[in-house]
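A.B. asks: Okay, here's the structure, questions in a sec.
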Amino acid sequence: MAHVKMYCTDNCPFCTNAEKLLVSKGVAIEKIDTEKEPEEFAEIVAQIGQDSVPQIFIDGKHIGGFDDLSELDMDDELEPLLGL
1 MAHVKMYCTD NCPFCTNAEK LLVSKGVAIE KIDTEKEPEE FAEIVAQIGQ
51 DSVPQIFIDG KHIGGFDDLS ELDMDDELEP LLGL
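The numbering of the sequence shown is my numbering, which starts it at 1 and goes up by one.
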């Protein structure tokens, strides 16, 4: 199974939706709270050029946010990325 890392905040509805989608696939998520780990998030923002949340990575590959994740799921491309 793939390693999923998600940069998020507690009060973000898109983060909640992304987590629900991933959990529904049976995937464990390494969640990084951007408010508690601002230095780590700043490094990611510098790499990807996006400072919104969630920012999702699957096996180190930047997927994007919830809309990107949802689109992958609708196109039947998410499960193969997750190793399902």
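Note that CB positions come from ideal geometry on N, CA and C, so glycine has one too.
Taking C-beta to C-beta, are residue 66 and residue 51 nearer than 9 Å?
C.D. replies: Contact check for residue 66 against residue 51 fails: the beta carbons are separated by 9 Å or more.
A.B. asks: Tell me residue 41's beta-bridge partners as DSSP assigns them.
C.D. replies: Under DSSP, no beta-bridge partner is assigned to residue 41.
A.B. asks: Beta carbon of residue 44, beta carbon of residue 4: below 9 Å?
C.D. replies: no
A.B. asks: Please state the DSSP three-state secondary structure of residue 6.
C.D. replies: DSSP, reduced to helix, strand and coil, places residue 6 within a strand of the structure shown.
A.B. asks: What is the C-beta distance between residue 82 and residue 6, in whole angstroms, given that I count them as a contact (C-beta under 8 Å)?
C.D. replies: Not a contact, Cβ separation roughly 13 Å.
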